[in-house]
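Below is one structure; the comments refer to it alone.
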Amino acid sequence: MKTMRIGVLALQGDVEEHLAMLKKCGATAARNVGRGGSTEEVEAVRVKHVKDVEAVDALIIPGGESTTIAKLMWASGIAEEVKKRAGEGMPVWGTCAGLVLLAKKGDEQVKKTGQKLLELMDFEVGRNAFGRQKESFEAELDVGGIKKFPAVFIRAPAIAKVWGDCKVLARFDGKIVAAEQGNFLATAFHPELSEDARVHEYFLGKIGRQEKKR
Amino acid sequence: MTNVKTGTQAVKEGFARMVKHGVIMDVTTGKQARLAEKAGAVAVMALHMVPADIRAVGGVARMPDPKAVKEIMRAVTIPVMAKCRIGHFAEAQVLESLGVDMIDESEVLTPADEESHVDKRKFKVPFVCGARDLGEALRRIDEGAAMIRTKGEAGTGNIVEAVRHMKLINKQINELMRLKRNDAMMAERAKIYRVPLALVQKVAELGRLPVVNFAAGGIATPADASLMMQLGADGVFVGSGIFKSKNPEKFARAIVEATRHYDDPRVVAKACEGLGDAMKGKDVRTLAGHERMQERGR
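If you're matching them up, the sequences are chains A and B in order.
Just so we're aligned: 95 in this note's numbering is position 83 of the first sequence, and the numbers increase by one with no gaps anywhere.
Just so we're aligned: 156 in this note's numbering is position 67 of the second sequence, and the numbers increase by one with no gaps anywhere.
Rendered as structure tokens:
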């Protein structure tokens, strides 16, 4: 049996919530073996160093403070390695702060803090687009083919505009809150804070697709 | 918009989850807040004076001036927290109206109510509260706190009390895990801790507090941060430790680095190197009973 190793960038933020969700996906995958489902095992690991990036099949950049995560990513050399692997086709998913880092362009707030982005996806991001914490909210969303997903937004960013091959997956209140571009996925909300593993499963599906392409 | 819910427990506790593995720094001005943000803080805590100065000056310590809070909010893009007095729900209302991202109902300020804490479920803004043991932590969570921190002994630069509180909480959680299947003992624990049985059961099931738990109250060096992280803290608050040190910028960066790589002594060693003097600090044993902030609000 083959193992899919999914890395969660563990510099700062809600790392354990993603790891727990991936464990749940792994359990589902294991149950589906022999029922025509995937026969791959899911292993979730923390990515703290450059060498950890080399060892994973896909990477999740969790929620947290994008200024802090960006600083630590560039200082440690992890950012360059992620860009390199992503260029070779490694699937990458950013939630909230992770979405900010995937953007090609930032708004005034991003510029103000001098935050360096990974520039992997063709969109412009607006930080804290929904306001401060007291405006943080829960709402049901349709995300691409996933219906009624319980989305938790925390001081969430939003995508101001997309271009090129970047595709909008979900909007809320007129703002773009999920997008996809080839093997890259970005969500302004936190599927890892819900009990619903469907977005995680959707992301894992990209690993198979990447290998078929090769 | 239909079906949009703000101020839910999931949104409040979720906010606390986003600051995990990070350092939250006490600041009194916009300038200090910018220094903290630049050094990699995940959030700043606005207060009128750092705890070491509160100790030195004496008198009644209250919430910060709204003007200073607004200045700090304008200065940075990271979350801004602020302290209110224990039980002072009007101060909490003021801070919420200013738009701070989290309120610390803190024993560092002079308590306003010696019987009750703020009813935190009435607010949309999340709260963090201090605790010395599992009972205090669970009572605060039952009142609606979205995050817990050890009380330690603020403004002393002495880690001994934070260590005591973190170890005690861990020990009491381990006890609950052992008692998990003993209904009578679990009910007794709930009674001792003065919280619903369901909350005690949840802790036994999870093997940890159900909300994020930071260390606070005495962290003054990178090695202190590493120590608390190794004892199981989800992150650290640094109060006087940064702006009472000889070189705040260096200390701020070094503590962020040591918190991130707490389990790698070589990185912590590098963070500690050539930092200059940490805050002077105090032997906690020399404090008189009324000087011990941790006794406030149980």
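Just so you know, even glycine gets a beta-carbon here, dropped at the ideal spot from N, CA and C.
This structure is a prediction, so every number in the text was calculated from the model and none was measured.
Touch check for the segment 230 to 245 of chain B and the segment 136 to 147 of chain B: three-plus C-beta pairs under 8 Å?
The segment 230 to 245 of chain B, when compared against the segment 136 to 147 of chain B, does touch it at the 8 Å Cβ threshold.
Could you have a look at Val165(B) and say whether DSSP puts it in helix, strand or coil?
Residue state, collapsed to three classes: coil.
Apart from the five residues just before and just after Arg385(B), which ones in its own chain have a Cβ nearer than 7 Å to its Cβ?
Excluding residues within five positions, the ones whose Cβ falls inside 7 Å are Ile175, Glu196 and Pro200.
Closer than 7 Å by beta-carbon distance: list the chain B residues that pair up with Phe149(A), in chain order.
Ordered by position in chain B, the residues that pass the 7 Å Cβ test against Phe149(A) are Val93, Lys94, Thr95 and Val100.
Output, in chain order, the set of chain B residues within a Cβ distance shorter than 8 Å of Leu205(A).
Correct list: Ala99, Gly103 and Arg106.
What runs of the beta strand (DSSP E), each 3 residues or longer, lie entirely inside the segment 148 to 203 of chain A?
With a minimum length of 3 residues, the continuous beta strand (DSSP E) runs that stay inside the segment 148 to 203 of chain A are 149 to 155, 158 to 165, 170 to 174, 179 to 184, 187 to 193 and 196 to 199.
Quickly, what does DSSP pair Gly106(A) with across the bridge? List them, please.
The partner list for Gly106(A) (beta bridge, DSSP) reads Ile73(A) and Ala198(A).
How many angstroms separate the CA atom of Val252(B) from the CA atom of Cys361(B)?
One C-alpha to the other measures close to 20 Å.
For Met33(A), which three-state DSSP category applies?
Correct three-state label for Met33(A): helix.
Out of Met107(B), Met114(B) and Ile161(B), which has the shortest C-alpha to C-alpha gap to Lys120(B)?
For the residues Met107(B), Met114(B) and Ile161(B), the minimum Cα distance to Lys120(B) belongs to Ile161(B).
Can you tell me which of the three DSSP states Glu53(A) falls into?
Strand at Glu53(A).
Would Thr199(A) pass as an interface residue toward chain B - the criterion being a Cβ-Cβ separation below 8 Å?
So, not an interface residue.
In terms of residues, what are the limits of the beta strand (DSSP E) holding Thr239(B)?
Note, Thr239(B): beta strand (DSSP E), Met236 to Thr239.
Determine the extent of the beta strand (DSSP E) in which Val19(A) is found, giving its start and end residues.
Note that residue 19(A) corresponds to Gly in the displayed sequence, not to Val. Here the beta strand (DSSP E) through Gly19(A) covers Thr15 to Leu21.
If you draw a straight line from the alpha carbon of Lys160(A) to that of Met152(B), how long is it in whole angstroms?
Computed Cα separation, rounded: 42 Å.
Whose C-alpha, out of Arg167(A), Pro103(A) and Arg210(A), is nearest the C-alpha of Ile254(A)?
Nothing about residue 254(A) can be read from this structure; chain A reaches only from 13 to 226.
Looking at the unbroken beta strand (DSSP E) that takes in Asn302(B), where does it start and where does it end?
It spans Val301 to Phe303 - the beta strand (DSSP E) in which Asn302(B) sits, taken as one unbroken run.
Helix, strand or coil for Glu223(A) per DSSP?
Here Glu223(A) scores only 47 on pLDDT, less than 50, and its place in the model should not be relied on; the value that follows carries that caveat. Glu223(A) falls in the helix class under three-state DSSP.
Tell me, please, whether the CB atom of Arg43(A) is closer than 8 Å to any CB atom in chain B?
It does not: the Cβ of Arg43(A) has no partner Cβ on chain B nearer than 8 Å.
Please report the distance separating the alpha-carbon of Cys173(B) from that of Ala42(A).
Distance between the alpha carbons of Cys173(B) and Ala42(A) is about 50 Å.
Using a Cβ-Cβ distance cut-off of 8 Å, determine whether Thr375(B) contacts chain A.
So, not an interface residue.
Using C-beta distances below 7 Å, list every residue in its chain close to Leu34(A), excluding the 5 sequence neighbours before and after it, in chain order.
The answer, listed in chain order, is Ile18, Val54, Ala56 and His212.
What residues from chain A crowd round Ile167(B), counting only those whose CB sits closer than 7 Å?
What Ile167(B) touches in chain A: Glu77 and Thr79.
Is Gly25(A) close to chain B? Criterion is C-beta to C-beta, closer than 8 Å.
Yes, Gly25(A) counts as interfacial toward chain B.
On the DSSP letters alone, give me the boundaries of the alpha helix (DSSP H) that Asp119(A) sits inside.
No alpha helix (DSSP H) holds Asp119(A); DSSP gives it neither H nor E.
Considering Cα atoms alone, identify which of Asn259(B), Asp115(B) and Ala304(B) is closest to Leu295(B).
Ranking the options by Cα distance to Leu295(B), first place goes to Asn259(B).
Can you check which of these residues, Ala347(B), Gly148(B), Leu364(B) and Val100(B), is closest to Val357(B) by C-alpha distance?
Of Ala347(B), Gly148(B), Leu364(B) and Val100(B), the residue nearest in Cα terms is Ala347(B).
When DSSP labels each residue in this structure, what does Ile281(B) get in the three-state scheme?
Ile281(B): helix per DSSP, three-state reduction.
If you measure between the beta carbons of Gly370(B) and Asn271(B), is that distance less than 8 Å?
It is not a contact, given that the beta carbons lie outside the stated cut-off.
Is DSSP giving Val137(A) helix, strand or coil here?
Strand at Val137(A).
So, are the CB atoms of Ala137(A) and Ile81(A) less than 8 Å apart?
Correcting the residue identity first, residue 137(A) is Val in this sequence and not Ala. Taking 8 Å as the Cβ cut-off, Val137(A) and Ile81(A) do not qualify as a contacting pair.
What separation, rounded to the nearest whole angstrom, lies between the Cα atoms of Arg278(B) and Lys269(B)?
C-alpha separation (whole angstroms): 11 Å.
With DSSP collapsed to three states, give me the class of Glu28(A).
The answer is helix: DSSP assigns Glu28(A) an H, G or I state.
Quick one: list the residues of chain B neighbouring Thr40(A), beta-carbon separation under 7 Å, in chain order.
Those do not exist, as Thr40(A) stays about 21 Å from chain B at its closest Cβ, beyond 7 Å.
According to DSSP, Met170(B) sits in a beta bridge with which residue or residues?
In DSSP, Met170(B) forms a bridge with Met134(B) and Met191(B).
May I ask you to report which of helix, strand or coil DSSP gives Val93(B)?
Coil at Val93(B), not helix or strand.
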